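Asks:
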Ligand SMILES: [Zn+2]
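Residue numbers (this note's numbering): 77 to 310.
1) Put residue 178 into one of helix, strand or coil per three-state DSSP.
2) Report the rounded CA-to-CA distance for residue 314 versus residue 248, giving the unit in angstroms.
3) Determine the contact status of residue 219 and residue 171, defining contact as a CB-CB distance below 9 Å.
4) Flag this pair as touching only if the segment 271-287 and the segment 207-214 have three or more C-beta atom pairs under 8 Å; answer yes or no.
5) Between the C-alpha atoms of residue 159 and residue 83, what's the straight-line distance to the nearest angstrom?
6) Starting from the C-beta of residue 118, find all residues in its chain whose C-beta is less than 7 Å away, skip the five residues before and the five after it, and write them out in chain order.
7) Using a Cβ-Cβ cutoff of less than 7 Å, which residues in the same chain neighbour residue 149 once the five nearest sequence positions on both sides are dropped?
8) Are the CB atoms of residue 296 and residue 231 nearer to each other than 9 Å?
9) DSSP three-state call for residue 162: helix, strand or coil?
10) Please name the residue or residues paired with residue 93 in a DSSP beta bridge.
11) Please state if the CB of residue 198 and the CB of residue 167 are separated by a distance shorter than 9 Å.
12) Tell me the rounded alpha-carbon separation between residue 285 and residue 238.
13) Under 9 Å, do residue 144 and residue 132 count as touching if we go by C-beta distance?
14) My assumption, with CB atoms under 8 Å, is that residue 241 sits in contact with residue 97. Please give the rounded CB distance.
15) In three-state DSSP terms, what is residue 192?
16) Which of the three DSSP states is assigned to residue 123 in this structure?
17) Assuming residue 109 and residue 99 form a contact by the criterion Cβ under 8 Å, report the distance between their Cβ atoms to the nearest whole angstrom.
18) When burial is assigned at 16 or more other CB atoms within 10 Å of the CB, is residue 89 buried or exposed?
19) What are the complete alpha helix (DSSP H) segments, minimum 4 residues, inside the segment 195-264?
20) Classify residue 81 as helix, strand or coil using the three-state DSSP reduction.
21) With distances taken between CB atoms, is the gap from residue 176 to residue 190 smaller than 9 Å?
22) Take residue 275 as the anchor and find which of 294, 290, 255, 291 has the nearest alpha-carbon.
23) Could you give the DSSP three-state label for residue 272: helix, strand or coil?
24) Does residue 137 pass the burial test, meaning 16 or more other C-beta atoms within 10 Å, or should it be called exposed?
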């Protein structure tokens with residue numbers, strides 16, 4: 077089945093934290109969407125690979141994505157390689173999403189930044205017939221958007237996620253290993269931001285929501301201007 081949206085994320089939980097409201101809105105509208113996680117998160121400070129696999133299954137039970145795949149790239153060592161971008165380009169050709177959404181290329185976490193760049197390059201390459209396998213049809217999604225990282229960036233637009241906010245919190249709570257302190261040194265707070273995942277997620281959602289006059293929002297960036305069919309009202 078062709079997808080409306082394909083999310084490309086570095087670690088299990090990134091898609092949910094960054095774009096979970098958008099995904100739940102797509103779910104509620106019955107629109108086909110997919111997620112590809114580049115790694116299994118096996119190098120995370122908290123939780124084992126098995127914990128994280130169980131958490132993905134719990135999140136999928138809420139999200140009900142049309143497809144969720146894992147490229148199995150090495151966690152903590154995601155790099156922009158010809159192999160990575162061509163594997164992702166083949167996946168894009170297979171599922172034919174209208175829109176790809178990935179990390180911002182300017183993110184503090186190197187895996188996130190590399191994921192954003194791999195997604196941009198794969199998005200472009202997916203449209204090149206000579207790179208397609210025999211029998212595959214090249215097809216480039218209409219747009220690629222980025223969810224915003226920790227570097228302050230003005231979003232191109234903000235999606236109102238107020239109607240699904242409670243579900244988004246439930247969804248992210250599926251990743252319990254990432255939310256709980258894991259030892260005396262770990263206070264459950266991010267070393268840079270002094271707040272836990274759920275607090276930071278709510279702060280960001282309220283900030284972006286306020287920008288468009290709603291309670292909770294998720295911002296997306298499009299590189300360059302978007303076409304406008306109505307010169308007055310967009
Ligand atoms: Zn991540």
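Heads up, the beta-carbon is just placed ideally off N, CA and C, and yes, glycines get one too.
Because the structure is a prediction, the values reported are computed rather than measured.
Replies: On the basis of the supplied data:
1) strand
2) Absent from the model: residue 314. The displayed extent of the chain is 77 to 310, so no value can be given.
3) no
4) no
5) 19 Å
6) 125, 151
7) 114, 115, 160
8) yes
9) helix
10) For residue 93, which the question treats as bridged, DSSP gives no partner whatsoever.
11) yes
12) 8 Å
13) yes
14) 7 Å
15) helix
16) coil
17) 6 Å
18) buried
19) 241-249, 252-255
20) strand
21) no
22) 255
23) coil
24) exposed
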